[in-house]
Every structure is written in structure tokens, then in C-alpha cells.
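Using the numbering used here, read the sequence shown as starting at 1192 and increasing by one per residue.
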Amino acid sequence: MQEMQLPNRKQRKQTTLRLPPNLYKQIEVEAKRQGISINAFTVSLFNHYVSQYQWFHDDSQKIQHV
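If you want it as C-alpha cells, here you go:
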């Protein structure tokens, strides 16, 4: 497994991702193709993924405030 440290600005800590080597390599290749850092590409990838499921986060927030 390959580990990556991603900054989490909201909670002022880092998130550690453990990725299979083949997935890490794909991320590395795509980041290089786009001319950005591996971390920047990974953050954008996860932001995109999370935005697709933002409703889940919104629902959980509502439940917490009931």
C-alpha cells in the first residue's frame, strides 16, 4: 500500500489514504499529465466524489440538529 497525507483545512489535521500501488500509479500519471501535484489531483478527485454525494452530508447534518 502507498500512503498519502492530505491536508484537511476544516479540522486542521491530515487525512491518510492507503492506496493500492496500481491506483497510486494511475493518480501519479494523471497528475503529471495535468501538470499538478499528486496531492492536488487527489484532493480534486475526492472533492468531485464528495460533491456527487453532498445530499448525504446535508441529511446527516439535519439529523444531528433534530
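We put the beta carbon where it would ideally sit given N, CA and C, even for glycine.
Since the structure is predicted, the reported quantities are computational estimates derived from the model, not experimental observations.
Between the alpha carbons of F1232 and P1212 lies a distance of about 16 Å.
Cβ contact annotation for E1219 (same chain, cutoff 8 Å, sequence separation greater than five): I1229, in chain order. Around A1222, the same chain offers I1229 and F1232 as residues with beta carbons nearer than 6 Å, after the five sequence neighbours per side are excluded.
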